[in-house]
Structures are given as structure tokens and as C-alpha cells.
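Encoded as C-alpha cells, the structure appears first; notes follow it.
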Amino acid sequence: MIACPICLKDKNQNAKTKSLLFGWWGLGIITMFKALALNNNMSKQIDQSNPTSLLENFVIQNVGKIESYKNNPGQLQFMMKNPKV
0 MIACPICLKD
10 KNQNAKTKSL
20 LFGWWGLGII
30 TMFKALALNN
40 NMSKQIDQSN
50 PTSLLENFVI
60 QNVGKIESYK
70 NNPGQLQFMM
80 KNPKV
């Protein structure tokens, strides 16, 4: 997911909450703990001042689009929310 740190923290907290509430029910308790560990590791990356590898790869793969949309914030936001389009 490509987003600002505040949005990333919000989504990460939401994922942790869902894992705690529903993870044990559908996928099993071991998988729930793996999901919580993954979410915890991702939350550590959010606080870094350097870009994550996910962001770097996104920029490398979309450098042409980013350059062409640099004066169009709405299109940039759409591209980040829908990276496969």
C-alpha cells in the first residue's frame, strides 16, 4: 500500500484489530500470530525516515506516469490508490 504515514498507521492498526478479533476464527490461531507479527514488522517500517522497498519499487515501475502526472494531484492520488490500473 502506498500512503502517507498517518494513513499507513491507521490501516496497520485496523489490520491488527481484525486479526485479533477474527483471525483465530477463520484461519487458525497460528496464522493469526503470523499475521500479527507481519503487521508489527510493517508498523516499524512506517516510522522510518527512508522510503520502504515497496515505495521504491512503485516509483521505479511508474516513473513515467509520475512524471506526466506531477502537476495533477488528483491523478497521482488515483494512481497510488489503484496501482494496477
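If you're matching positions, the sequence shown starts at 0 in numbering that gives the first Met the number 0 and goes up one per residue.
Quick reminder that beta carbons are idealized off the backbone N, C-alpha and C, glycines included.
It should be emphasised that the depicted structure is a prediction, and the values quoted were computed from it without experimental measurement.
Please report how far the alpha carbon of residue i lies from the alpha carbon of residue j, in whole angstroms.
i	j	result
Lys33	Asn70	41 Å
Tyr68	Asn11	28 Å
Ala14	Glu66	32 Å
Lys8	Met0	11 Å
Ser18	Asp46	21 Å
Gln44	Ala36	13 Å
Return the chain-ordered list of same chain residues with a C-beta closer than 7 Å to the C-beta of residue i, the five sequence neighbours on each side being excluded.
i	result
Lys64	Met78
Between which two residues does the alpha helix (DSSP H) carrying residue i extend?
i	result
Ala36	Ile28 to Ile45
Ile1	It is not in any alpha helix (DSSP H) - Ile1 carries neither H nor E in the DSSP assignment.
Ser52	Ser52 to Gln60
Phe77	Pro72 to Lys80
For this session: Say whether the segment 69-77 touches the segment 29-46, bearing in mind that this needs 3 or more beta-carbon pairs closer than 8 Å, one atom from each stretch.
Result: With a cut-off of 8 Å, the segment 29-46 and the segment 69-77 do not count as touching, because too few Cβ pairs lie within range.
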